[in-house]
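See below for the structure under consideration.
Residue numbers (this note's numbering), protein chains in the order written: chain A, 25 to 271; chain B, 25 to 271; chain C, 25 to 271.
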């Protein structure tokens with residue numbers, strides 16, 4: 025039997041762990057679980073199968089990191105370190121195993137704190153990777169935004185829902201911009217990586233939580249009544265809560 | 025006239041043919057024809073022009089291979105070997121030339137066997153490319169899934185249809201996972217490329233045909249009635265057959 | 025205070041300007057403004073916020089160039105030269121600042137000439153980049169098409185609208201193919217870069233304007249009545265003009 029030694033020698037268990045890999049993995053697993061629960065919500069659910077929901081955990085979990093790494097012209101971290109896939113599979117299975125109502129309540133409640141937690145980390149990891157690739161500062165901000173938001177973008181367009189990036193989402197993109205800018209400025213001021221990251225995280229996390237709790241929303245431009253009255257599927261999020269209240 | 029020698033010297037006719045290029049080309053051409061016929065079906069057709077349908081043949085034919093190669097951080101094979109584009113154009117033209125009803129009957133019938141044929145090959149080519157790039161085993165499975173499924177993903181989201189990967193599709197993604205895993209195990213057991221590929225192909229092809237013929241479907245998670253009753257556009261596939269039966 | 029010298033030393037103000045960068049920037053800024061105005065139109069507007077509209081300016085402005093550069097396996101120009109982001113931000117802000125009705129009238133009128141202007145340049149820049157990367161001629165045509173069209177593709181799928189590439193759009197894709205082919209042939213005939221580019225631009229620009237003014241449209245394949253009667257959201261463009269006429 026050559027199989028077992030071959031598998032053991034295979035790169036499943038070799039990977040390089042740079043300083044941010046664990047943060048990136050935490051962000052990936054949080055976003056993966058978020059993805060699996062999100063697509064079971066009525067506004068996203070389109071008859072997905074168990075396989076489809078686990079795939080959506082992959083899309084949510086590593087979509088941002090893969091997009092970030094493709095722009096940086098390198099093999100995505102998730103394809104060189106298999107732990108990304110492991111956490112996505114586990115998150116997908118948990119997302120499936122949780123009963124529907126429990127899952128949605130969890131997602132609307134305590135879990136919001138977890139996704140608020142991973143948003144700034146993803147932005148910091150992206151901005152740091154861009155700075156290490158010697159990209160310009162503005163590009164580092166954009167790369168910092170891609171990490172935490174691209175996974176949600178792909179989940180939304182796959183579900184036929186207007187991507188959250190473009191509509192009111194309690195400063196979802198704004199928080200990513202804030203974290204990326206703060207981290208770049210802190211680094212520019214001479215702080216070393218971890219103090220800069222922790223300071224950035226603290227500010228952006230508090231901002232995100234405040235935005236979620238206070239319902240701060242991005243402004244909308246003025247549009248004529250005919251335009252403003254057009255159907256906006258993101259408003260579907262409101263009836264969901266009503267749906268729960270009825271039961 | 026400098027044109028003809030310049031064109032003749034241009035890389036249109038130089039390409040390197042590795043062992044799997046012909047398989048990859050067969051898979052691309054099958055998927056391209058499938059794409060052109062698919063988007064003329066009522067659930068996908070959105071007033072596409074002749075140009076649009078030929079473009080959809082490109083999307084279906086090389087979308088998977090291009091996504092695979094971008095993840096592997098290399099110029100996509102279709103952009104270094106022009107035969108990929110040639111087969112897409114030809115498939116698009118055939119898809120246009122076929123009369124509507126003939127095309128759909130062909131697509132639902134004999135052609136299902138052809139797409140079932142190319143699915144495992146695309147998965148094998150992807151898994152093999154990932155192993156050669158020294159990616160971890162789990163990553164090789166995922167790359168093996170991207171090849172046969174990403175083209176369909178882009179066609180579906182371009183047509184406003186829920187991507188087949190996420191809904192019931194007779195173990196579409198499952199077959200790709202099966203083929204990628206089998207090929208990696210067979211290679212790990214010490215089989216050389218072609219025996220491993222042929223063995224993998226035989227098992228996955230039979231599985232896919234059996235799933236298609238027996239209507240094996242991926243399970244769906246339990247959802248509350250309000251969620252389950254939401255419109256699922258993939259169910260549009262059913263009325264199409266009824267449409268044909270009426271005429 | 026280390027910040028100011030650190031920022032001044034940062035690569036915001038270093039970039040290499042190759043011959044085509046200015047053209048690429050003009051095309052990006054035109055497409056960015058087009059994107060910001062487009063998504064405020066009733067058929068595209070889905071309750072976008074100010075942040076969302078500026079993001080859409082990014083998608084429209086650099087979506088094509090980023091896709092082109094990813095296929096060419098290099099860090100996208102927009103991520104190495106920050107002026108791309110600067111013009112996108114400025115175009116997004118202008119798109120927001122313009123009053124709704126003025127913006128749409130401008131977009132339907134004089135601005136059509138500007139987008140017709142940038143379409144061939146984007147195609148030329150793409151085809152030239154592909155030739156310099158020693159890709160085959162057919163690949164150079166396809167890369168030439170990706171540049172001017174991919175940004176619109178992403179805007180359309182993000183807005184839930186059938187992408188303009190696939191439906192009637194006054195030879196939108198056709199003009200890109202024409203420009204790419206002309207430039208490759210002119211280069212093959214021995215013309216140096218600028219004469220080839222100017223000749224190509226002149227022909228493709230006139231063709232595009234003529235198509236817009238004369239309403240030349242790509243042919244559609246014959247489809248049964250049931251298929252042809254399916255809703256086609258691109259037809260929404262017609263009622264918009266009626267909407268304006270009423271007021």
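Just so it is clear, CB atoms sit at the ideal spot from N, CA and C, and this is done for glycine as well. All of these numbers come straight from a predicted model, not from anything done at the bench.
Proximity below 7 Å, CB of residue i to CB of residue j
| i | j | result |
| --- | --- | --- |
| residue 61(B) | residue 131(B) | yes |
| residue 272(B) | residue 148(B) | This structure cannot settle anything about residue 272(B), because the visible part of chain B is limited to 25 through 271. |
| residue 144(C) | residue 204(C) | no |
| residue 5(B) | residue 84(B) | Residue 5(B) lies beyond the range of chain B shown here (25 to 271); nothing can be said about it. |
| residue 182(A) | residue 187(B) | yes |
| residue 163(B) | residue 151(B) | no |
| residue 88(A) | residue 171(A) | yes |
| residue 86(A) | residue 52(A) | yes |
| residue 154(B) | residue 173(B) | no |
| residue 71(A) | residue 179(A) | no |
| residue 223(B) | residue 210(B) | yes |
| residue 48(B) | residue 120(B) | no |
| residue 103(A) | residue 159(B) | yes |
| residue 96(C) | residue 157(C) | yes |
| residue 140(B) | residue 232(B) | yes |
Residues that residue i contacts on chain D, provided the C-beta gap is smaller than 9 Å
| i | result |
| --- | --- |
| residue 239(B) | You won't find chain D in this structure, because its protein chains are A, B and C. |
Residue i (DSSP reduced to helix, strand or coil)
| i | result |
| --- | --- |
| residue 74(C) | helix |
| residue 216(C) | coil |
| residue 172(C) | helix |
| residue 55(B) | helix |
| residue 189(A) | coil |
| residue 242(B) | coil |
| residue 87(A) | helix |
| residue 182(B) | helix |
| residue 133(B) | coil |
| residue 23(B) | The shown model of chain B, from 25 to 271, leaves out residue 23(B), and the question about it has no answer. |
| residue 202(C) | helix |
| residue 96(B) | coil |
| residue 44(A) | coil |
| residue 123(C) | coil |
| residue 159(A) | coil |
| residue 69(B) | coil |
| residue 107(C) | helix |
| residue 145(A) | helix |
Burial state of residue i, where buried means 16 or more other Cβ atoms lie within 10 Å
| i | result |
| --- | --- |
| residue 241(A) | exposed |
| residue 246(A) | exposed |
| residue 46(B) | exposed |
| residue 126(C) | exposed |
| residue 57(C) | buried |
| residue 142(A) | buried |
| residue 123(C) | exposed |
| residue 239(B) | exposed |
| residue 91(C) | buried |
| residue 243(B) | exposed |
| residue 12(C) | Residue 12(C) lies beyond the stretch modelled for chain C, which goes from 25 to 271, so this question has no answer here. |
| residue 161(C) | buried |
| residue 230(A) | exposed |
| residue 198(A) | buried |
Residue i Cβ short of 6 Å to the ligand NAD heavy atom set
| i | result |
| --- | --- |
| residue 68(B) | No copy of the ligand NAD occurs in the structure displayed, which carries no ligand at all. |
Quick one, which residues of the region 56–85 of chain B are near chain C if we go by CB-CB under 7 Å, in chain order? Within the region 56–85 of chain B, the residues whose Cβ lies closer than 7 Å to some Cβ of chain C are 64, 66, 69, 70, 71, 72, 73, 74, 75, 76, 77, 79, 80, listed in chain order.
To be precise: take each residue of the region 100–117 of chain A, compare its Cβ to all Cβ atoms of chain B, and keep it if any distance is under 8 Å. Which residues remain? Among the residues of the region 100–117 of chain A, those with a Cβ less than 8 Å away from any Cβ of chain B are 100, 102, 103, 104, 105, 106, 109, 110, in the order of the chain.
For the region 138–165 of chain C, which residues have a CB atom closer than 7 Å to at least one CB atom of chain B, in sequence order? Listed by position, the residues of the region 138–165 of chain C near chain B (Cβ gap below 7 Å) are 158, 159, 160, 161, 162, 163.
If contact means a Cβ-Cβ distance below 7 Å, which residues of the region 175–190 of chain B contact chain C? Result list: 181, 182, 184.
Taking a cut of 9 Å between CB atoms, which residues from the region 86–99 of chain B lie near chain A? The region 86–99 of chain B vs chain A, Cβ under 9 Å: 94, 95, 96, 97.
When Cβ atoms are compared, which residues of the region 204–215 of chain B fall closer than 7 Å to chain C? Result list empty, no residue passes.
Got a sec: which bits of the region 116–136 of chain C sit with their beta carbon under 7 Å from any beta carbon on chain A, in order along the chain? Within the region 116–136 of chain C, 120, 124 place their CB atoms closer than 7 Å to a CB of chain A, listed in sequence order.
Taking beta-carbon pairs under 9 Å, can you tell me which members of the region 218–246 of chain C lie near chain B? Here the close residues are 241, 242, 243, 244, 245, 246.
Residues from the region 193–204 of chain C in contact with chain B, defined by Cβ distance under 7 Å: Near chain B, meaning a CB-to-CB distance below 7 Å, the residues of the region 193–204 of chain C are 197, 198.
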